[in-house]
Each structure stands twice: as C-alpha cells, then as structure tokens.
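A.B. asks: Below you'll find the structure I mean.
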Amino acid sequence: MAAALTVRDVEVHFHTRRGVYKALNGVDLTLRSGEVLGIAGESGCGKTTLGLTVMGLLARNAAVPNGEVVVDNIELLGLLTSYALEAGENFDPRKNDRILRRTNKALAALRGVKLSMVFQEPMTSLNPVLQIGFQVAESIYFHNPALLASRALARTRATPADLREMVQLLRQAPGEEDAIAAYAKEHGLAGMAEQVLFVWRRGDIHTAKKEKMILSLGGEELSIIPRKVLETIERTGDIPLVYRRAPIVSKVVRRILFKEGYRKAEELLTTLGIPRPERVVRMYPHELSGGMRQRVVIAIALANNPGVVILDEPTSAVDVTVQAQILEMIKKIREEVRSSFVFISHDLSVLAQVCDRIAIMYAGKIVEIGPTSAVLNEPLHPYTQMLISAVPTLEGKEVAGIVGEIPDMRAIPTGCAFHPRCPHVMEKCKLKVPPDISQGADQVVACYLYGDA
Ligand SMILES: Nc1ncnc2c1ncn2[C@@H]1O[C@H](COP(=O)(O)OP(=O)(O)O)[C@@H](O)[C@H]1O
Ligand code: SF4
Ligand SMILES: [Mg+2]
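The numbering used here numbers the first residue of the sequence shown as 119 and each following residue consecutively.
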C-alpha cells in the first residue's frame with residue numbers, strides 16, 4: 119500500500135540549561151494511504167514532538183541529529199539534520215533558529231495543503247478577535263487561493279445543461295463521485311465538483327431538494343474585472359504581486375476570495391456536524407462551546423484537503439459526550455475526505471474506536487505497532503500489556519496501576535528503555551536495544567521476548 123508519510127529513524131534532542139532531553143530516539147513509522155494510525159503512550163513519551171517534527175514546527179532548542187521525514191517524495195528534515203550533525207556538542211539554538219526558518223519557508227508550500235495538524239490545545243489555536251468563517255477562509259486564502267477562484271468561476275460558467283448532466287450522473291450512480299469530478303474537469307468547471315458533492319452528501323434534506331439546489335448553483339454573474347483577476351489566480355495558482363500591492367485591486371480580490379472562503383467554511387462545518395453553519399461562521403470563538411471549537415479547529419485543518427492530518431489529543435480537552443461526538447465525526451469524515459490521519463492520544467480506549475492501526479510509544483521510540491484489534495487483544499510488548507491493564511472497563515475488573523514512572527529523558531536507560539519497569543527483564547535487555555521483530559500478519563514489536571532479530 120502507498121505511504122502517505124514515512125518517518126525514518128528520527129531523533130530529536132532538546133538542548134536546555136538542565137541538560138539534553140532526548141525526546142525522540144529513532145522513530146520509524148509509515149502512515150499508509152487512507153488509514154487512521156493511532157499513537158499512544160504516557161505523557162512525556164514524545165508524541166507531540168513527533169507531530170511537530172513532521173510539521174517542521176520544532177522549538178529552536180531542538181536538534182535533529184538523525185532521521186528523515188518523507189511526504190509526497192519530498193524529504194523535510196535535511197537542513198536540520200545537517201546542522202545538528204555539524205554542530206554536535208556545540209549546538210547553538212540561535213543558529214538552529216535560522217535553519218528552522220529556512221525549513222519553515224520550504225515547508226510553507228506543503229503545510230496546510232499536504233500536511234496539517236490540530237494542536238493539543240484547541241482553545242489557544244483560534245484567534246479570539248476574528249470570526250470563525252474568517253479563520254477558515256484565511257487558511258484557504260493563504261494556502262490555496264486558486265481553489266477559491268475556481269469555485270467562484272465555476273458557478274459563473276456552469277450552464278443549466280452542465281448541472282442537469284451532473285444531477286443525472288449522481289442519479290445513475292450515487293456512489294460514483296469520481297464521475298462528477300471528471301465531468302467538471304472536462305468542462306472547465308473544476309471548482310464545481312466539491313460544491314455539487316457537498317449538496318449531494320447532505321443528510322438533512324431529501325433528494326428532490328438536493329437536485330434543485332444543485333441546479334441553482336450555476337448562472338452566477340461576475341463583472342469583467344473581478345472575473346479577469348479570478349481567472350489569473352485560477353491559472354497561476356497564486357495571487358500575483360500586482361493584485362496584492364495595488365490597494366484597490368487587492369481589496370476587491372480579498373473580498374471576493376474571502377466571501378468564497380466563508381461559503382467553503384459553511385460547507386466544512388456542515389460536514390463536521392455543526393448545525394446552522396451560516397450563523398456559526400459569523401460568530402467568534404468565545405461564543406462556541408468547547409466541542410464546537412474543537413470541530414472548527416479540525417475544519418481549519420481539513421480546509422485544503424491535505425493528504426496527511428495529524429490530530430494531537432483532539433478529545434482530551436472535552437467531556438465524554440463531546441468526545442463521543444468528535445470520534446463519530448472523525449469516523450464519518452474519513453469516508454468523505456481522502457486524507458490519512460495520525461491520531462495521537464494517551465487514551466487507548468479513544469484510539470480503539472477510530473484507528474485502523476495503533477503504534478505504542480515509549481521514551482521516544484515506537485515499541486509496538488499493529489492492527490488495532492491485534493494490539494488491543496493480543497498485546498505483545500510488556501509495556502503495551504501494562505497500558506491495557508490500566509484501562510478501566512465497565513465490567514469493573516480490577517484496574518492494575520502502571521508500575522514505575524517514565525524515565526528521565528536526559529538519561530534514558532541503556533538497552534531496552536523499558537527494562538527498569540519490565541516484569542520480564544533479562545540480562546541482555548539492559549545491554550542492547552532490542553530490534554524490531556515482525557509477528558503475525560502485520561504486527562511489529564521491539565522486545566527480546568520474541569527473538570533476537
Ligand atoms: N521545547 C522543549 N524544550 C525542552 N524539552 C522539551 C521541549 N518540548 C518537549 N520537551 C520534552 O520532550 C519530552 C516529550 O514531550 P512531548 O512530545 O510533549 O510528549 P507527549 O506529547 O507524549 O506528552 C518531554 O520530556 C518534554 O519535557
Ligand atoms: S526487551 Fe526485555 S526489558 Fe524490554 S520489554 Fe522486552 S523483556 Fe522487557
Ligand atoms: Mg502531547
């Protein structure tokens with residue numbers, strides 16, 4: 119299966135006055151196309167650091183002495199690893215900062231469009247003084263203005279005959295959504311496909327109403343100058359400098375694109391189960407409940423249909439009922455958007471509900487990975503077994519606490535980092551890091567109980 123994201127042997131060391139914290143110690147991971155991959159582990163094991171490394175959003179004191187992250191055949195860490203290797207002991211956060219900025223620039227074209235992340239604290243990632251719709255629109259305006267231009271243009275170009283044809287296609291084969299995209303592309307209406315499909319997928323109205331709405335999507339009028347501007351943006355994929363710099367033109371362009379962005383925001387919010395989106399887009403973050411805010415943050419992450427979405431503890435800040443709604447929403451949207459997801463959580467019972475595979479992380483390494491049912495029902499690594507026995511169940515079985523504490527990341531135990539807490543520890547465990555060992559169809563574990571190589 120194709121890989122959406124490959125992480126190879128990544129190491130991240132945070133240099134601080136109190137010592138070097140080795141947050142990631144050789145992480146290997148492949149996110150398969152279309153899957154939801156869970157990452158679990160106690161607090162402090164490096165889950166967030168892994169997400170931030172992939173996004174190129176590390177703090178300036180983070181050295182990356184080794185590793186590769188590949189998205190879309192592009193390797194993202196090269197500059198950082200070469201600096202960390204060259205600097206060695208003399209690592210200087212200020213110099214690293216310059217390299218991070220260069221990496222940032224190179225990544226700007228990927229971020230939001232190919233890769234996006236929902237951060238651990240949803241309350242802090244929204245701007246309190248901007249409307250919800252504005253914040254969604256802004257993300258599309260910066261990363262993918264051509265999408266907005268082509269959506270607006272498609273509504274002016276679509277003839278009644280085009281729209282009737284699309285309705286006909288949907289009637290014949292409701293599941294054949296590729297046919298709509300192909301038709302739209304062929305007839306110069308690329309931006310129409312997602313608008314038509316959005317109406318078609320709505321669950322709150324009956325088919326006759328949907329058909330009527332689709333037929334009314336065309337025939338919009340646009341005066342000559344804005345049309346020319348939009349056509350240029352659609353063709354070049356970017357907003358040309360002349361439009362950005364000339365005050366009047368840039369105002370007109372912004373207004374049209376943001377208006378379209380609000381429209382797209384309404385669509386996204388509806389997909390994420392938010393009722394009355396036309397009101398919500400005009401609200402400010404403080405007017406929304408925690409669950410709604412979390413959905414808005416996810417909407418922003420999904421706004422540009424990125425290939426890879428990293429969700430960092432998306433349900434930790436909300437109560438259980440909202441958590442259930444958000445999990446339901448993620449299950450639903452994964453069918454509709456063609457993204458692959460990394461779902462980070464310290465809570466295995468949350469991952470069990472949405473993930474295809476689960477990876478277990480300990481002290482900055484993946485110690486076990488496999489299909490969700492295998493990892494949860496037949497956990498191989500002693501640490502996974504310990505985590506699972508600590509999950510409370512409704513049957514009221516006795517919950518075994520987790521023994522010991524996570525190691526000090528400045529002095530990670532030699533050999534298998536888990537050895538001081540492991541009930542099965544052997545002499546060799548203390549000496550050498552255990553290799554990854556394949557078990558069963560699709561499970562990998564790093565533990566000497568399953569062999570030496
Ligand atoms: N900027 C930083 N400077 C120093 N140490 C950091 C920094 N960011 C994270 N760490 C350390 O890295 C380790 C992993 O943290 P994190 O990735 O946030 O874990 P998790 O998300 O699994 O709880 C922790 O020991 C944390 O203290
Ligand atoms: S390698 Fe040894 S110490 Fe590590 S988990 Fe396996 S048995 Fe325990
Ligand atoms: Mg975290």
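Ideal placement from N, C-alpha and C gives every residue a C-beta, glycine not left out. In this text, all values refer to a predicted model and were calculated from it rather than measured experimentally.
Look up D235 in the DSSP assignment and give the residues it is bridged to.
C.D. replies: Here residue 235 refers to the residue found at position 117 when the sequence shown is read from its first residue. Residue identity check: residue 235 is Met in the sequence provided, not Asp. DSSP output for M235 lists I428 as bridge partner(s).
A.B. asks: Thinking just about the alpha-carbon of each residue, which of P344, K213 and V236 is nearest to the one in A419?
C.D. replies: Within the sequence shown, numbered from 1, the residue matching residue 419 stands at position 301. Checked all of P344, K213 and V236; the closest Cα to A419 is V236.
A.B. asks: May I ask you to report which of helix, strand or coil DSSP gives S200?
C.D. replies: The residue you call residue 200 lines up with position 82 of the sequence shown. Helix, per DSSP.
A.B. asks: What are the residues that DSSP puts in a beta bridge with D464?
C.D. replies: One-based indexing of the sequence shown puts residue 464 at position 346. The displayed chain sequence assigns His, not Asp, to residue 464. Paired residues: none, contrary to the question.
A.B. asks: How about L576 and L281: are their beta carbons less than 8 Å apart?
C.D. replies: No statement about residue 576 is possible, as the shown extent of the chain runs from 119 to 571 and does not include it.
A.B. asks: Going by beta carbon distance, what residues of the same chain come within less than 6 Å of G408, once the five residues before and after it are set aside?
C.D. replies: Sequence index remark: in the sequence shown, residue 408 carries index 290 (1-based). For G408, where only same-chain residues beyond five positions count, the Cβ hits under 6 Å are V436.
A.B. asks: Is DSSP giving T532 helix, strand or coil here?
C.D. replies: The sequence position of residue 532 within the sequence shown is 414, counting from 1. In the structure shown, T532 sits in coil (DSSP, three-state: anything other than H, G, I, E or B).
A.B. asks: Within 7 Å: the Cβ of A544 and any heavy atom of ligand 2?
C.D. replies: Position 426 of the sequence shown, counted from the start, is the residue given in the question as residue 544. Per the sequence presented here, residue 544 reads as Met, with Ala not at that position. M544: yes, Cβ under 7 Å from ligand 2.
A.B. asks: According to DSSP, is G137 helix, strand or coil?
C.D. replies: Working through the sequence shown from its first residue, we reach residue 137 at position 19. Here G137 sits in strand by DSSP.
A.B. asks: So what does DSSP say about F376, is it helix, strand or coil?
C.D. replies: Your numbering for residue 376 matches position 258 in the sequence shown. F376 falls in the helix class under three-state DSSP.
A.B. asks: Using a Cβ-based criterion (distance less than 7 Å to any ligand heavy atom), does V430 qualify as near ligand 3?
C.D. replies: Against the sequence shown, residue 430 aligns to sequence position 312. Correcting the residue type first, residue 430 is Asp in the shown sequence and not Val. At least one heavy atom of ligand 3 is nearer than 7 Å to the Cβ of D430, so yes.
A.B. asks: Heavy atom of ligand 2 less than 7 Å from the Cβ of C547, yes or no?
C.D. replies: To locate residue 547, count along the sequence shown from 1; it is residue 429. Yes, the Cβ of C547 comes within 7 Å of a heavy atom of ligand 2.
A.B. asks: Using the DSSP secondary-structure output, state which residues sit across from K483 in a beta bridge.
C.D. replies: Looking up residue 483 in the sequence shown gives position 365. DSSP lists Y480 as partners of K483.
A.B. asks: Which ranges does the alpha helix (DSSP H) cover as unbroken runs of at least 4 residues, wholly within the stretch 376-422, from first to last along the chain?
C.D. replies: Listed in chain order, the complete alpha helix (DSSP H) runs (minimum 4 residues) inside the stretch 376-422 are 395-398 and 408-420.
A.B. asks: Report the option in L567, P489, M544 and K548 whose CA atom is closest to the CA atom of D554.
C.D. replies: Reading the sequence shown from its first residue, position 436 is the one you call residue 554. The shortest C-alpha separation from D554 is found at L567.
A.B. asks: Hey, out of A470, I462, G482 and R452, whose CA is closest to D127's CA?
C.D. replies: Working through the sequence shown from its first residue, we reach residue 127 at position 9. When only C-alpha atoms are compared, the closest one is G482.
A.B. asks: Quick one: is N262 buried, meaning 16 or more other Cβ sit within 10 Å of its Cβ, or exposed?
C.D. replies: Within the sequence shown, residue 262 is the residue found at index 144, counting from 1. It is buried - the Cβ of N262 has at least 16 other Cβ atoms within 10 Å.
A.B. asks: Cα-Cα, which of R269, V370 and L469 is closest to P344?
C.D. replies: Within the sequence shown, residue 344 is the residue found at index 226, counting from 1. Answer by Cα proximity: V370.
A.B. asks: Any heavy atom of ligand 3 closer than 7 Å to the beta-carbon of K483?
C.D. replies: Against the sequence shown, residue 483 aligns to sequence position 365. False, no ligand heavy atom lies under 7 Å from that Cβ.
A.B. asks: Where does N495 sit, in a helix, a strand or coil, going by DSSP?
C.D. replies: The count along the sequence shown starts at 1 and reaches residue 495 at position 377. Residue state, collapsed to three classes: helix.
A.B. asks: Could you check if T166 belongs to the surroundings of ligand 1, using beta carbon to heavy atom distance under 7 Å?
C.D. replies: Sequence index remark: in the sequence shown, residue 166 carries index 48 (1-based). Yes, ligand 1 has a heavy atom inside 7 Å of this Cβ.
A.B. asks: Would you please state the rounded distance, in angstroms, between the beta carbons of Q412 and L445? I believe it to be under 8 Å.
C.D. replies: Here residue 412 is taken as the residue at index 294 of the sequence shown, counted from 1. Here residue 445 is taken as the residue at index 327 of the sequence shown, counted from 1. Q412 to L445, Cβ: 11 Å. No contact.
A.B. asks: Among the residues of its own chain, which have a CB less than 6 Å from the CB of G391, if the five just before and after it don't count?
C.D. replies: On the sequence shown, residue 391 is found 273 positions in, with the first residue counted as 1. Around G391: M447.
A.B. asks: Just to check, is the beta-carbon of L498 closer than 7 Å to a non-hydrogen atom of ligand 2?
C.D. replies: Indexing the sequence shown from 1 puts residue 498 at position 380. Result no, Cβ not under 7 Å from ligand 2.
A.B. asks: Opposite L123 in the DSSP bridges: which residues?
C.D. replies: Mapped onto the sequence shown, residue 123 falls at position 5. Its beta-bridge partners are L149.
A.B. asks: Roughly how many whole angstroms lie between the Cα atoms of K327 and A311?
C.D. replies: As a first step, residue 327 must be located in the sequence shown, where it is residue number 209. As a first step, residue 311 must be located in the sequence shown, where it is residue number 193. About 18 Å.
A.B. asks: Quick one: residues in its chain with C-beta nearer than 6 Å to the C-beta of I487, no 5 flanking neighbours on either side, listed in chain order?
C.D. replies: One-based indexing of the sequence shown puts residue 487 at position 369. These residues qualify, in order along the chain: A477 and V562.
A.B. asks: Taking only the alpha-carbon atoms, compute the straight-line gap between T502 and V493 and give it to the nearest angstrom.
C.D. replies: On the sequence shown, residue 502 is found 384 positions in, with the first residue counted as 1. On the sequence shown, residue 493 is found 375 positions in, with the first residue counted as 1. The straight-line gap from Cα to Cα measures roughly 8 Å.
A.B. asks: Less than 8 Å between the CB atoms is what I'm expecting for P424 and I250, so what's the real figure, rounded?
C.D. replies: Along the sequence shown, one-based indexing puts residue 424 at 306. Along the sequence shown, one-based indexing puts residue 250 at 132. About 19 Å; that fails the 8 Å criterion.
A.B. asks: Can you list, in chain order, the residues of its chain whose CB lies under 8 Å from that of R178, leaving out five sequence neighbours each side?
C.D. replies: Translated into the one-based positions of the sequence shown, residue 178 becomes position 60. Hits under 8 Å: P211, R212, N214, D215 and L218.
A.B. asks: Is A122 near R150, with beta carbons less than 8 Å apart?
C.D. replies: Stepping through the sequence shown from its first residue, residue 122 is reached at position 4. Stepping through the sequence shown from its first residue, residue 150 is reached at position 32. Contact flag set, yes.
A.B. asks: From D356 to E349, what distance separates their C-alpha atoms?
C.D. replies: As a working note, residue 356 is residue 238 in the sequence shown. As a working note, residue 349 is residue 231 in the sequence shown. Rounded to whole angstroms, D356 to E349 spans 11 Å at the Cα level.
A.B. asks: Counting only the same chain and skipping the five closest in sequence on each side, list residues whose C-beta sits under 8 Å from that of L287.
C.D. replies: In the sequence shown, the residue the question calls residue 287 occupies position 169. Hits under 8 Å: E294, A297, I298 and Y301.
A.B. asks: Check whether the stretch 529-541 and the stretch 459-467 are in contact - that is, three or more C-beta pairs closer than 8 Å.
C.D. replies: Contact between the stretch 529-541 and the stretch 459-467 is absent, because fewer than three Cβ pairs lie under 8 Å.
A.B. asks: What residue range is occupied by the uninterrupted beta strand (DSSP E) comprising E186?
C.D. replies: For the purposes of this step, residue 186 is identified with residue 68 of the sequence shown, where counting begins at 1. Where E186 is concerned, the enclosing beta strand (DSSP E) stretches over A180 to V189.
A.B. asks: Consider the C-beta atom of Q412 and the heavy atoms of ligand 3; say whether any pair is separated by less than 7 Å.
C.D. replies: Residue 412 sits at position 294 when you count from the first residue of the sequence shown. No, since every heavy atom of ligand 3 falls outside the 7 Å radius drawn around the Cβ of Q412.
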